[in-house]
Amino acid sequence: MQRGEATIVNREVIEAHLGNIALHVAHLKSLRTRSLVEFSRDWLAFYAAERGIQIAVQNLLDIGAHILADFGDSQWDEYKQIPVELARYGVVPQEYVERAQRMAGMRNLLVHQYTEIDVDQVYEVLKNHLDDFDRFAAYVKAYLDRSPP
Numbered sequence: 138m139q140r141g142e143a144t145i146v147n148r149e150v151i152e153a154h155l156g157n158i159a160l161h162v163a164h165l166k167s168l169r170t171r172s173l174v175e176f177s178r179d180w181l182a183f184y185a186a187e188r189g190i191q192i193a194v195q196n197l198l199d200i201g202a203h204i205l206a207d208f209g210d211s212q213w214d215e216y217k218q219i220p221v222e223l224a225r226y227g228v229v230p231q232e233y234v235e236r237a238q239r240m241a242g243m244r245n246l247l248v249h250q251y252t253e254i255d256v257d258q259v260y261e262v263l264k265n266h267l268d269d270f271d272r273f274a275a276y277v278k279a280y281l282d283r284s285p286p
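Right under this line is the structure:
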């Protein structure tokens with residue numbers, strides 16, 4: 138196989154990750170009915186949101202890495218490059234790259250700079266960016282539909 142030539146992705150792996158994303162996003166959506174004040178006073182909801190976002194983003198990135206490996210592409214050295222490479226191979230549109238890069242940045246913040254996270258950042262994701270996961274799932278499903286079974 139030459140670099141850039143897709144083989145056959147493991148659909149079961151991707152579908153398991155998509156299922157995890159859907160599960161965590163559904164839980165996160167249940168938290169976004171709260172006002173910022175209510176959310177900021179509920180430390181359990183805040184912790185649940187942090188972890189749910191982290192897991193959903195990690196699943197998204199794992200899907201991306203799996204698809205890129207299928208193309209023989211392991212040239213990325215940080216998570217923010219995965220969406221760029223996915224766009225290069227036509228898995229996601231170019232206009233989606235920045236959104237996915239922000240999600241990767243949020244994941245890095247949650248994992249490595251967790252002392253710097255504030256309620257506003259997490260609430261912003263809850264209120265305004267959960268649909269980005271749904272978009273990603275749609276792009277991946279469309280990619281799978283175009284790929285050999």
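Count along the sequence shown from 1, then add 137; that gives the number in this note's numbering.
Where is the CB? At the ideal position from N, CA and C, for every residue including glycine.
Being a predicted model, the structure only gives us computed values, none of them experimental.
*Would you say Leu267 and Leu173 are within 7 Å of each other, going by their C-beta atoms?*
no
*Would you call Tyr260 buried or exposed, if buried means 16 or more other Cβ atoms sit within 10 Å of its Cβ?*
buried
*Would you say the beta carbon of Ile219 comes nearer than 6 Å to a heavy atom of the ligand ZN?*
Among the components modelled here there is no ligand, and therefore nothing to report on the ligand ZN.
*Helix, strand or coil: how does DSSP classify Glu232 here?*
helix
*asked:* I'd like to check one pair, His203 with Gln162: are the Cβ atoms closer than 7 Å?
replied: The sequence given here places Val at residue 162; Gln does not occur at that position. Against a cut-off of 7 Å, the Cβ pair of His203 and Val162 comes out as no contact.
*Exposed or buried, which one is Val194 when buried takes at least 16 other CB atoms within 10 Å?*
buried
*Report the rounded CA-to-CA distance for Leu168 versus Ile254, giving the unit in angstroms.*
18 Å
*From His154 to Glu175, what distance separates their C-alpha atoms?*
31 Å
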